[in-house]
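Below is one structure, written out as structure tokens; comments come after it.
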Amino acid sequence: MTVSDVQPLELLQIVGLCFAAATAVEVLLWLWAFRSDSFRSLRANIDKQARKLEEIRAQPHAPGPQGKAAKQKKIDKLDKTIKMQMAKDLGGVRMKQTFLTAGVLLVLFRMTGKWYGGHVVGKLPFEPFSLLAKLAHRGLESPAANDCSVAFIYALCQAGIRPNVAKFLDWGLSRTMTEMSAIGAQDWANPQAAGKTR
Numbered sequence: 001m002t003v004s005d006v007q008p009l010e011l012l013q014i015v016g017l018c019f020a021a022a023t024a025v026e027v028l029l030w031l032w033a034f035r036s037d038s039f040r041s042l043r044a045n046i047d048k049q050a051r052k053l054e055e056i057r058a059q060p061h062a063p064g065p066q067g068k069a070a071k072q073k074k075i076d077k078l079d080k081t082i083k084m085q086m087a088k089d090l091g092g093v094r095m096k097q098t099f100l101t102a103g104v105l106l107v108l109f110r111m112t113g114k115w116y117g118g119h120v121v122g123k124l125p126f127e128p129f130s131l132l133a134k135l136a137h138r139g140l141e142s143p144a145a146n147d148c149s150v151a152f153i154y155a156l157c158q159a160g161i162r163p164n165v166a167k168f169l170d171w172g173l174s175r176t177m178t179e180m181s182a183i184g185a186q187d188w189a190n191p192q193a194a195g196k197t198r
């Protein structure tokens with residue numbers, strides 16, 4: 001198959017579908033969870049507490065090792081309070097977010113695979129290494145080295161479009177909430193300690 005055999009319209013359709021699905025997920029999440037007064041209040045409160053934590057961290061501690069220990073104790077206590085509140089109040093929201101996102105993305109993946117399966121939807125400007133080639137050539141019967149399947153474009157779109165749509169709309173979890181609830185955020189209040197462990 002030559003470059004001229006590739007249909008650019010198919011590629012644009014896949015990107016458009018992924019963009020529409022990402023927007024639909026955010027709208028559904030807003031209707032289902034993010035527009036509630038309780039979520040908005042929780043988000044504002046956590047962001048306020050996180051700013052307070054940053055202010056405490058920026059302040060100089062009292063002289064001596066006791067002053068430093070007292071400041072760190074205060075930081076740890078506030079950090080623990082914020083995380084406990086998030087664990088308690090965000091569990092349901094994050095579960096809704098996970099199920100809805102997974103459901104929509106799975107349906108879209110099956111649909112695009114059905115519509116564009118076996119089609120070369122693009123040509124890569126490089127020859128992918130073996131692991132990447134499996135994704136790039138998925139569903140293609142006898143692909144050339146730089147052929148690109150719908151699965152590869154779909155994966156790229158999900159990695160690039162969905163997070164940016166969520167960030168642009170800014171309806172759900174704030175950046176602070178995402179950082180603090182992420183795996184490995186246990187040392188969020190003490191970034192120097194986190195840096196030593198990495």
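Counted from 1, the sequence shown has number 164 at position 164 by UniProt numbering; the numbering is strictly sequential. Beta carbons: idealized from backbone N, C-alpha and C, even for Gly.
Of the listed residues the options, nearest to residue i (C-alpha basis)
i	options	result
E54	P63, K114, Q72 and L131	Q72
T98	Q49, F126 and L28	L28
I82	V93, A21, A62 and I46	I46
D147	L135, L156 and Q158	L135
L9	V150, E179 and D170	V150
M74	L132, W30 and R57	Here the sequence assigns Lys to residue 74, which means Met is not the residue at that position. Answer by Cα proximity: R57.
V121	K167, L90, L105 and I153	I153
residue 228	P143, F39, A20 and C157	Missing from the structure shown is residue 228; the chain here goes from 1 to 198 and no further.
F19	L108, A50, K48 and G64	L108
residue 239	A145, L131 and L78	No answer is possible for residue 239: the residues shown for the chain start at 1 and end at 198.
L17	M111, R51 and M95	M111
T176	P65, G113, G67 and A50	A50
V25	L90, V104 and G113	V104
A102	Q158, V165, F129 and E127	Q158
P163	L11, E127, T23 and Q7	T23
G91	P65, A155 and L42	L42
L31	L156, L100, Q7 and K80	L100
E179	A62, F129, D79 and L132	D79
A21	M86, L106, G113 and K96	L106
Which residues DSSP lists as bridging residue i, in chain order
i	result
G122	C148
Extent of the continuous alpha helix (DSSP H) run through residue i
i	result
L140	Looking at the DSSP string, L140 is not in any alpha helix (DSSP H), and its letter there is neither H nor E.
L131	S130 to A136
Which complete alpha helix (DSSP H) runs does the region 15-93 hold, if anything under 4 residues is left out?
Every alpha helix (DSSP H) stretch that sits fully inside the region 15-93 and reaches 4 residues is listed by chain position as 37-58.
If we count Cβ pairs, one from each stretch, closer than 8 Å, do we get three or more for the region 137-146 versus the region 107-119?
Touching, per the Cβ criterion.
Is there contact between the region 32-44 and the region 169-178, where contact requires at least three CB pairs shorter than 8 Å?
Yes, since at least three Cβ pairs between the region 32-44 and the region 169-178 fall closer than 8 Å, the two stretches touch.
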